[in-house]
Amino acid sequence: MIPDVVAAVVLGLLALAVVLAVVRVWKGPTAGDSTVAGDLIFFAFIGAVAVFGLQFSIEAVLDIILISALLGFLSILSLARLMQGGKR
Amino acid sequence: MNPDMVITVVGSGLLIFGAAIIASAAIGLIRLPDLYTRTSAIGTAAGLGVALIVAGVVVMDFSALNLVKGIIAIIAQLLTSAIGSFVLARAGYLTGSEPVSTTAPDELADQAVPATKDSSSESVPGSDAEGV
């Protein structure tokens with residue numbers, strides 16, 4: 007569906023974002039920095055899913071994006087709860 | 002220019018712009034000094050980037066049902082990324098993540114009780130708010 011050049015550019019930018027976020031997970035002084043970087047990695051994967059869904063003409067790509075956005079929110083909430091040691 | 006070409010150009014532009022915003026959020030994640038500025042960068046930029054990518058998908062693969070799904074996905078993404086980054090910054094403050102030293106009025110320093118110390122000591126709020 008989309009031109010190969012566009013898919014390559016978008017996936018390259020998202021891969022750059024994932025690499026920088028992995029560097030932050032590796033270096034990050036506190037657990038919060040690692041959690042924020044993991045959040046960014048999740049968003050980059052949503053973008054990659056969108057590109058692959060367009061490239062291979064998958065019809066359910068918007069359903070996948072919607073559900074994964076909501077699940078990412080739940081995962082961030084539970085990670086924040088984990089950082090606080092189960093307290094509120 | 003025929004309509005197919007216009008759709009391809011606009012959709013590709015939206016996709017590339019969204020990916021570039023996510024990449025700029027990652028650069029901010031490396032270069033910004035403390036947890037709170039990093040959380041701000043991710044919460045705004047990643048929410049906007051994913052919203053633009055969803056808009057690009059809707060433009061490239063247009064139908065009425067896809068339009069409705071895309072609008073719901075964009076609204077959910079904008080709301081949840083803002084709330085998620087707020088919750089993360091709050092958890093970081095409660096577990097004693099240090100703000101950068103140029104954070105001039107730290108208005109929460111008097112009222113925050115770090116969550117990691119609740120069980121061990123019944124301390125006065127504010128006496129241990131400088132963090133671990």
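Sequences listed follow chains Z and A, in order. Note that my numbering numbers the first sequence so that position 63 is 69, with each residue one more than the last. Note that my numbering numbers the second sequence so that position 126 is 127, with each residue one more than the last. Glycine included, every Cβ here is placed at the ideal spot set by N, Cα and C. Here the structure is a predicted model, which means the values were calculated and not measured.
For residue j and residue i, believed in contact at Cβ under 8 Å, the rounded distance
{"i": "residue 89 of chain A", "j": "residue 21 of chain Z", "result": "About 24 Å; that fails the 8 Å criterion."}
{"i": "residue 106 of chain A", "j": "residue 35 of chain A", "result": "Going by Cβ atoms, the distance from residue 106 of chain A to residue 35 of chain A rounds to 16 Å, so no, they are not a contact pair."}
{"i": "residue 43 of chain A", "j": "residue 12 of chain Z", "result": "Their Cβ separation, rounded to whole angstroms, is 25 Å, which puts residue 43 of chain A and residue 12 of chain Z out of contact at 8 Å."}
{"i": "residue 20 of chain A", "j": "residue 68 of chain Z", "result": "Incorrect: roughly 17 Å between the Cβ atoms, too far for contact."}
{"i": "residue 45 of chain Z", "j": "residue 82 of chain Z", "result": "6 Å"}
{"i": "residue 52 of chain Z", "j": "residue 74 of chain Z", "result": "6 Å"}
{"i": "residue 55 of chain A", "j": "residue 74 of chain A", "result": "5 Å"}
{"i": "residue 43 of chain Z", "j": "residue 66 of chain Z", "result": "Not a contact, Cβ separation roughly 29 Å."}
Buried or exposed by the 16-neighbour rule on C-beta atoms within 10 Å, applied to residue i
{"i": "residue 66 of chain A", "result": "exposed"}
{"i": "residue 77 of chain Z", "result": "exposed"}
{"i": "residue 95 of chain A", "result": "buried"}
{"i": "residue 40 of chain A", "result": "buried"}
{"i": "residue 6 of chain A", "result": "exposed"}
{"i": "residue 71 of chain A", "result": "buried"}
{"i": "residue 49 of chain A", "result": "buried"}
{"i": "residue 25 of chain Z", "result": "exposed"}
{"i": "residue 104 of chain A", "result": "exposed"}
{"i": "residue 31 of chain A", "result": "exposed"}
{"i": "residue 23 of chain Z", "result": "buried"}
{"i": "residue 49 of chain Z", "result": "buried"}
{"i": "residue 23 of chain A", "result": "buried"}
Chain A contact residues for residue i, given Cβ-Cβ distances below 8 Å
{"i": "residue 27 of chain Z", "result": "27, 30"}
{"i": "residue 51 of chain Z", "result": "Per Cβ cutoff of 8 Å: no residues; residue 51 of chain Z is ~10 Å from chain A at best."}
Chain-ordered chain Z contacts of residue i [CB-CB under 7 Å]
{"i": "residue 98 of chain A", "result": "36, 38"}
{"i": "residue 17 of chain A", "result": "12, 15, 16"}
{"i": "residue 95 of chain A", "result": "90"}
{"i": "residue 83 of chain A", "result": "Residues of chain Z passing the Cβ test: none, with the nearest at roughly 10 Å."}
Chain-ordered neighbours of residue i on chain Z, where CB pairs are closer than 8 Å
{"i": "residue 67 of chain A", "result": "68"}
{"i": "residue 36 of chain A", "result": "36, 38, 39, 42"}
{"i": "residue 13 of chain A", "result": "8, 9, 12"}
{"i": "residue 58 of chain A", "result": "56, 59, 60, 67, 68, 71"}
7 Å CB neighbourhood of residue i in its chain, flanking five on each side removed
{"i": "residue 61 of chain A", "result": "8, 12"}
{"i": "residue 83 of chain A", "result": "44, 48"}
{"i": "residue 59 of chain A", "result": "67, 68, 71"}
Under 7 Å by beta carbon: chain A residues contacting residue i
{"i": "residue 86 of chain Z", "result": "88, 89, 92"}
Three-state secondary structure (DSSP) of residue i
{"i": "residue 199 of chain A", "result": "A question about residue 199 of chain A goes unanswered here, because the residues of chain A that appear run from 2 up to 133."}
{"i": "residue 90 of chain Z", "result": "coil"}
{"i": "residue 4 of chain A", "result": "helix"}
{"i": "residue 69 of chain Z", "result": "helix"}
{"i": "residue 98 of chain A", "result": "coil"}
{"i": "residue 63 of chain A", "result": "coil"}
{"i": "residue 41 of chain Z", "result": "helix"}
{"i": "residue 105 of chain A", "result": "coil"}
{"i": "residue 56 of chain A", "result": "helix"}
{"i": "residue 34 of chain Z", "result": "coil"}
{"i": "residue 8 of chain Z", "result": "coil"}
{"i": "residue 48 of chain Z", "result": "helix"}
Sequence-distant residues of its chain with Cβ nearer than 6 Å to residue i (five each side left out)
{"i": "residue 34 of chain Z", "result": "40"}
heavy atom of the ligand FAD below 7 Å from residue i C-beta
{"i": "residue 46 of chain Z", "result": "As for the ligand FAD, it is missing from this structure, which has no ligand bound."}
Spatial neighbours of residue i in its chain, beta-carbon cut-off 8 Å, leaving aside the 5 residues before and after
{"i": "residue 8 of chain Z", "result": "57, 60, 61"}
Chain-ordered chain Z contacts of residue i [CB-CB under 9 Å]
{"i": "residue 55 of chain A", "result": "52, 56, 68, 71, 72, 75"}
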